[in-house]
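A.B. asks: To start, I am sharing the structure in question, which I have written as structure tokens.
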């Protein structure tokens with residue numbers, strides 16, 4: 444995997460040889476993005492079990508890395524169910540089937556992103572800016588991206604698309620990852636600090652907001668990178684559509700609403716230091732919630748690989764999820 | 444003056460020996476904050492004229508440093524009017540009177556901040572957090588501060604006050620200056636990234652928002668540090684009062700509304716680099732508006748040294764300004 448903590452300054456690939464290394468890579472955000480950590484966790488399960496690790500121990504270790512994105516648990520559960528169904532089979536077969544399944548999850552994720560892109564592209568206005576927050580791109584998935592996949596599909600369909608990328612403090616996924624990805628694709632991108640999003644939304648040159656998601660409750664409340672809620676409120680205040688692009692595996696239909704979604708609190712040093720450089724006085728109190736919840740009333744539509752869900756989400760989301 | 448670009452890592456004092464050095468210190472934000480640059484500009488006029496500089500040239504040089512904060516022009520005009528009224532007096536007297544006037548502006552600013560604090564303190568809820576953006580503290584003024592002056596006065600009056608300080612990208616005035624000031628005063632402060640403000644406003648533990656201002660139009664529209672508009676919208680959405688604390692010299696009653704206020708656009712490097720460290724890919728497009736305008740409908744009240752203005756501001760602001 445690309446070490447995402449070192450982008451855009453250097454492109455370094457990390458090879459994980461144990462499931463513990465995979466867990467550590469997820470925890471330290473060497474790999475991040477809900478779909479990407481789902482794929483990584485699936486590969487971690489395959490790696491751990493294939494190396495003779497105990498299934499429960501492997502799955503628990505991988506599950507205890509990050510609490511908010513549900514794709515992690517979805518992927519681990521899928522692998523675990525397969526492993527249990529094979530429990531009376533020879534070790535060699537279990538090993539082969541788990542590896543095959545992890546690779547299938549990766550391939551499916553790319554195909555899912557292509558479908559999300561195709562479903563979302565018609566919603567992107569021609570000749571205006573799309574504002575995005577964090578990185579919901581190829582780096583956050585197995586490839587192509589969810590929110591950035593929609594932007595890519597809109598551009599591929601011939602629309603004139605430019606992007607405002609929120610830098611997304613504290614981890615700077617927008618500045619480091621989204622700007623880097625979109626520059627490689629030749630999609631015109633303007634990097635802004637998070638607190639400029641309101642300025643540009645009010646100015647009127649943003650056609651829509653497009654973000655990914657880490658977990659979506661049954662009622663359409665969306666947990667996503669910290670700051671997403673603010674962008675959603677500002678979009679609504681300025682009558683700009685706010686779209687969420689995510690695979691069905693991001694839905695958590697067991698939760699009635701978003702306030703039940705656990706929000707990860709990360710280390711103070713992510714806020715007080717940037718690439719190791721102190722930006723705040725020593726010893727200052729810090730809060731660092733990594734995600735927030737955007738209530739469904741701010742969400743214009745949720746773009747999935749099976750179609751576009753509109754309010755009321757309590758109807759549309761379960762219906763989409765049940766589609767073959 | 445303290446070099447504010449080097450805080451909080453080191454406290455370094457800069458001595459300006461020419462008015463051009465004062466202008467450069469304002470332009471490069473060695474000194475910043477609307478009231479503080481007003482005082483610095485007044486001293487720059489005294490320094491320039493006392494050193495034999497041409498009045499118009501000195502004033503023009505100082506006025507061309509930063510376009511948004513009106514206190515700069517207010518202070519230069521005040522000094523210029525005095526100089527012109529003395530034009531038939533001996534050089535020695537002009538020199539002495541200008542220096543005296545600049546020192547008076549400084550002393551008055553401290554007294555004004557104390558009055559703003561006294562007028563604002565009753566508005567601060569007891570036992571809740573105040574959220575502030577940027578630095579409207581002692582560093583942004585001749586002393587005590589506008590928004591932070593209100594917080595200080597509330598704490599001095601015995602209220603239990605804690606602060607959420609937005610870090611305020613790109614220049615990090617919140618992380619570097621507000622956190623540093625409040626830590627010295629022993630006021631409990633939690634540093635957050637700008638995109639976390641919405642999370643804490645929605646959570647319900649913010650009693651009010653308190654910010655400074657760089658220019659206030661006749662209708663109560665407020666130009667202030669980029670991101671202020673976003674905080675104001677989020678405060679309103681969560682029914683949290685949004686207060687602006689500023690001296691009467693920040694009013695620009697010649698402007699009917701905030702959209703006439705010129706917004707300074709600053710260098711891309713402030714966004715792409717943090718203390719010289721690159722945080723974005725080379726060559727990426729960047730926008731860097733240094734201020735935004737918060738429409739008056741989001742402003743609960745404007746706290747001045749002459750009293751608290753409430754909507755409709757077209758009535759209350761001119762009335763306050765006219766008070767002796």
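Residue numbers (the working numbering), protein chains in the order written: chain A, 444 to 767; chain B, 444 to 767. All residues carry an ideal CB built from backbone N, CA and C; glycine is no exception.
1. Does the beta-carbon distance from residue 641 of chain B to residue 741 of chain A come in below 8 Å?
2. Between which residues of its own chain and residue 739 of chain B is the CB-CB distance below 6 Å, once the five residues before and five after are set aside?
3. Within the stretch 464-540 of chain A, note down every full alpha helix (DSSP H) run reaching 4 residues or more, in order along the chain.
4. In this structure, what does DSSP give as the bridge partners for residue 758 of chain A?
5. By Cβ distance below 8 Å, which residues in the same chain neighbour residue 456 of chain A in space, the five residues on each side in sequence not counted?
6. Classify residue 527 of chain B as buried or exposed, calling it buried when 16 or more other Cβ atoms lie within 10 Å of its own Cβ.
7. Counting only beta-carbon atoms, is residue 635 of chain B nearer than 8 Å to chain A?
8. By DSSP, does residue 667 of chain B sit in helix, in strand, or in coil?
9. Hey, how far is the Cα of residue 550 of chain A from the Cα of residue 522 of chain A?
10. Below 7 Å on C-beta distance, what does residue 678 of chain B contact in chain A?
11. Please list the segments of the beta strand (DSSP E) lying wholly inside the stretch 712-751 of chain B, counting only runs of 3 or more residues, in order along the chain.
12. Between the stretch 711-721 of chain B and the stretch 677-687 of chain B, do at least 3 Cβ pairs fall closer than 8 Å?
13. Determine the DSSP secondary structure at residue 559 of chain B, reduced to helix, strand or coil.
14. Please state whether the Cβ-Cβ distance between residue 519 of chain B and residue 484 of chain B is less than 8 Å.
15. Would you mind listing the beta strand (DSSP E) stretches within the stretch 590-616 of chain A that are 3+ residues and don't spill past its ends, in chain order?
16. Apart from the five residues on each side of it in sequence, which residues of its chain come closer than 8 Å, Cβ to Cβ, to residue 633 of chain A?
17. Determine whether the Cβ of residue 591 of chain A lies closer than 8 Å to any Cβ atom of chain B.
18. Please list the partners that residue 682 of chain B has in chain A, where partner means a Cβ-to-Cβ separation under 7 Å.
19. Does the beta carbon of residue 704 of chain A sit closer than 8 Å to a beta carbon anywhere in chain B?
20. Please report the straight-line C-alpha distance between residue 730 of chain B and residue 637 of chain A, rounded to a whole angstrom.
21. Put residue 574 of chain A into one of helix, strand or coil per three-state DSSP.
22. Give, in chain order, every residue of the stretch 616-646 of chain B whose Cβ lies closer than 8 Å to some Cβ of chain A.
23. Report yes or no: do three or more beta-carbon pairs, one from the stretch 563-570 of chain B and one from the stretch 648-656 of chain B, lie closer than 8 Å?
24. Report yes or no: do three or more beta-carbon pairs, one from the stretch 531-551 of chain B and one from the stretch 483-502 of chain B, lie closer than 8 Å?
25. Would you say residue 730 of chain B reaches chain A, if we count a Cβ-Cβ gap shorter than 8 Å as a contact?
26. For residue 724 of chain B, which option in A/745, A/761, A/508, A/618 has the closest C-alpha, if you only look at C-alpha atoms?
27. Please classify residue 531 of chain A as buried or exposed, where buried requires at least 16 other C-beta atoms within 10 Å of its C-beta.
28. At a Cβ cut of 7 Å, what residues of the stretch 655-680 of chain A count as close to chain B, listed as they run along the chain?
29. Taking only runs of the alpha helix (DSSP H) that begin and end inside the stretch 647-704 of chain A, which ones reach a length of at least 4 residues, in chain order?
30. Does the beta-carbon of residue 457 of chain B, which I'm using as the reference point, lie nearer than 7 Å to any heavy atom of the ligand GTP?
31. Listed in chain order, which residues of the stretch 733-756 of chain B have Cβ atoms closer than 7 Å to some Cβ of chain A?
32. Given residue 561 of chain B, which residues of its chain have a CB within under 7 Å of its CB, disregarding the five upstream and five downstream residues?
33. Along the chain, where does the alpha helix (DSSP H) that runs through residue 820 of chain B open and close?
34. Using only CA atoms, which one of B/496, B/659, B/600 lies nearest to residue 734 of chain B?
35. For residue 594 of chain B, which of B/585, B/579, B/538 has the nearest alpha-carbon?
36. Give a yes or no on whether 8 Å exceeds the smallest Cβ distance from residue 489 of chain B to chain A.
C.D. replies: On the basis of the supplied data:
1. no
2. Excluding sequence positions up to five before and after residue 739 of chain B, its CB lies within less than 6 Å of the CB of 662, 663, 664, 756, all in the same chain and listed in chain order.
3. 477-493, 498-506, 513-528
4. The partner list for residue 758 of chain A (beta bridge, DSSP) is empty, contrary to what the question assumes.
5. 444, 445, 446
6. exposed
7. At a cut-off of 8 Å between beta carbons, residue 635 of chain B contacts chain A.
8. strand
9. 15 Å
10. By Cβ distance, chain A contributes nothing, its closest Cβ being about 10 Å from residue 678 of chain B, past 7 Å.
11. Uninterrupted beta strand (DSSP E) stretches at least 3 residues long and entirely within the stretch 712-751 of chain B occur at 734-737, 744-747, given in chain order.
12. no
13. helix
14. Yes. Within cutoff.
15. 604-609
16. 572, 605, 606, 607, 608
17. no
18. The contacting residues do not exist; residue 682 of chain B stays about 13 Å from chain A at best.
19. Using beta-carbon distances, residue 704 of chain A does not count as an interface residue toward chain B, since no partner is under 8 Å.
20. 11 Å
21. strand
22. For the stretch 616-646 of chain B, the set of positions with a beta-carbon nearer than 8 Å to some beta-carbon of chain A reads 618, 619, 622, 623, 626, 631, 632, 633, 634, 635, 636, 637, 638, 639, 640, 641, 642, 643, 645 in chain order.
23. yes
24. They touch, by the three-pair rule.
25. yes
26. A/618
27. Burial state of residue 531 of chain A is exposed, judged by a 10 Å Cβ sphere holding fewer than 16 other Cβ atoms.
28. 669, 670, 672, 673, 676, 677, 680
29. 671-680
30. By its list of ligands, the structure shown contains no ligand whatsoever, and the ligand GTP lies outside what it can speak to.
31. 735
32. 596.
33. With chain B running from 444 to 767 in the structure shown, residue 820 of chain B is simply not present.
34. B/659
35. B/579
36. No, residue 489 of chain B does not count as interfacial toward chain A.
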